[in-house]
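J.: Residues in the sequence shown are numbered consecutively from 1, following the UniProt record's numbering. Ideal Cβ placement from N, Cα and C applies to all residues, glycine included. Keep in mind the model is a prediction, meaning the values are calculated, not measured.
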Amino acid sequence: MERANIRLIALVIVYIFYLSVGAAIFSSIEGPYEQRILSDLRRKRDDFLAKHPCVTDKELENFVKHVVAAQDMGIPPLGNASDKRSWGFGSSFFFAGTVVTTIGYGNIAPLSDGGKVFCMVFAVFGIPMTAIMLTAIVERLLQLTEVLEKFLCSTCTVRGVPTAYLRFLHLSLIMCGAITLVMIIPAFFFMFLEDWSYFEALYFCFISLTTIGLGDFVPGDDPKWRRSEYRSLYKVCCVFFFITGLTFLLLILELCAKIPDDHPGMLFSCHKPFLQEDEEDISASAIKLRPRYSISSSGSSPSSPDRQRLSRNSYERISGRDKESR
């Protein structure tokens with residue numbers, strides 16, 4: 001218990017240090033890039049004012065504020081984006097899917113108070129329902145993974161492979177297969193459909209399926225998307241992709257939880273493992289049942305003839321008492 005608490009305190013310190021290091025690295029990488037973009041934006045703004053002297057600095061500033069506000073509300077400010085509806089059925093289905101899966105890209109949000117209230121109510125019931133559904137699906141998939149586990153046990157135990165290696169091998173195979181199915185292969189489709197690079201598509205899959213949902217890449221959100229007539233269907237298909245990917249992610253987490261001996265979280269648990277508790281209970285019982293007097297194996301113990309003599313004398317005393325009682 002005390003060791004687990006000390007480990008927990010150390011983990012909290014390491015966690016805060018990890019966040020601090022991450023913040024420093026992000027700042028050092030993204031800070032200069034942000035300054036370059038800001039300098040380029042200011043240069044373009046000055047060029048625009050120089051070419052259009054009839055537009056004042058304040059008028060341009062107010063216009064940009066309206067554009068940014070519309071963009072933040074999910075309304076495309078470009079003139080050629082009139083066919084893109086943020087709250088059509090496909091986009092609304094996509095939004096509902098990101099709410100119940102807690103991905104939440106933030107590219108669109110409810111504008112009215114009624115929409116915000118309904119969003120909260122919808123999430124209260126939708127998130128637990130999604131969790132229950134995914135858990136039920138994962139239980140069925142676990143039965144399929146047991147087939148692979150039995151095959152590994154039947155082939156590797158004959159060769160004397162330790163159980164820990166079998167568990168690690170089983171988890172690694174499932175993890176590689178899941179990553180291939182829900183990240184590596186879908187990234188090719190998004191690269192083709194969205195005109196992203198493969199790295200950007202893979203980045204989108206990872207950010208989405210880990211429910212980080214930064215919103216810097218959103219499928220079907222580009223106003224210049226050349227397949228606008230299929231936008232609604234595409235948005236709906238993306239939701240089912242998210243659900244499938246989250247299912248495989250939960251499957252991996254469930255397999256990790258099934259091997260508590262190798263689970264890192266056991267180092268910080270305030271409860272002892274079940275087997276360890278049994279072993280300690282058995283040891284404690286053995287100590288309580290230990291005889292009060294025992295013959296030591298050290299040099300002070302009687303020799304074998306002495307033990308035989310003691311046993312003979314004890315037997316004669318008992319026999320004498322029996323005769324007297326008769």
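Beta-carbon within less than 8 Å of L134's beta-carbon, same chain only, minus the 5 sequence neighbours each way: which residues are those?
T.: Walking along the sequence shown from the start, residue 134 turns up at place 134. Answer for L134: I243, L246, T247, L250, listed in chain order.
J.: What number of angstroms, rounded off, separates the C-alpha of R3 from the C-alpha of P110?
T.: Residue numbering aside, residue 3 sits at position 3 when the sequence shown is read from its first letter. Residue numbering aside, residue 110 sits at position 110 when the sequence shown is read from its first letter. For R3 and P110, the distance between alpha carbons rounds to 49 Å.
J.: Could you tell me the boundaries of the alpha helix (DSSP H) in which residue 355 lies?
T.: Outside the shown range of the chain, which is 1 to 326, sits residue 355, and nothing can be said about it.
J.: Could you check what DSSP says for C256 in three-state terms: helix, strand or coil?
T.: For the purposes of this step, residue 256 is taken as the residue at position 256 of the sequence shown. C256: helix per DSSP, three-state reduction.
J.: Alpha helix (DSSP H) containing G126: first to last residue?
T.: If you number the sequence shown from 1, residue 126 lands on position 126. It spans 113-156 - the alpha helix (DSSP H) in which G126 sits, taken as one unbroken run.
J.: Please go through the same chain and pick out, in chain order, the residues whose beta-carbon is closer than 8 Å to the beta-carbon of I174, but skip the five residues on each side of it.
T.: As a working note, residue 174 is residue 174 in the sequence shown. So the list reads T145, L148, L251, I252, L255, once near-sequence residues are dropped.
J.: Is it buried or exposed for K224, if we count other Cβ within 10 angstroms and need 16 for buried?
T.: Sequence index remark: in the sequence shown, residue 224 carries index 224 (1-based). Exposed: under 16 other Cβ atoms inside 10 Å.
J.: Is it buried or exposed for P162, if we count other Cβ within 10 angstroms and need 16 for buried?
T.: By 1-based counting over the sequence shown, the position of residue 162 is 162. By the 10 Å Cβ count, P162 comes out exposed.
J.: Would T247 pass as an interface residue toward chain D - the criterion being a Cβ-Cβ separation below 8 Å?
T.: Within the model displayed, chain D is absent; a lone protein chain is all it includes.
J.: Could you say which of E194, G97, R227, L41 lies nearest to V64 if we only look at CA atoms?
T.: By one-based count along the sequence shown, residue 64 stands at place 64. Looking at the Cα atoms, L41 is the closest of the given residues.
J.: Could you check where the alpha helix (DSSP H) with residue 330 kicks off and where it finishes?
T.: There is no way to answer for residue 330, as the model of the chain reaches only from 1 to 326.
J.: Between which two residues does the alpha helix (DSSP H) carrying G97 extend?
T.: Against the sequence shown, residue 97 aligns to sequence position 97. Unbroken alpha helix (DSSP H) run through G97: 89-100.
J.: Straight-line CA distance for F189 to K51?
T.: The sequence position of residue 189 within the sequence shown is 189, counting from 1. The sequence position of residue 51 within the sequence shown is 51, counting from 1. Each residue's alpha carbon lies about 43 Å from the other.
J.: Short check: CB of S86 to CB of I103, under 8 Å?
T.: Your numbering for residue 86 matches position 86 in the sequence shown. Your numbering for residue 103 matches position 103 in the sequence shown. In this structure, I103 does not lie closer than 8 Å to S86 by Cβ.
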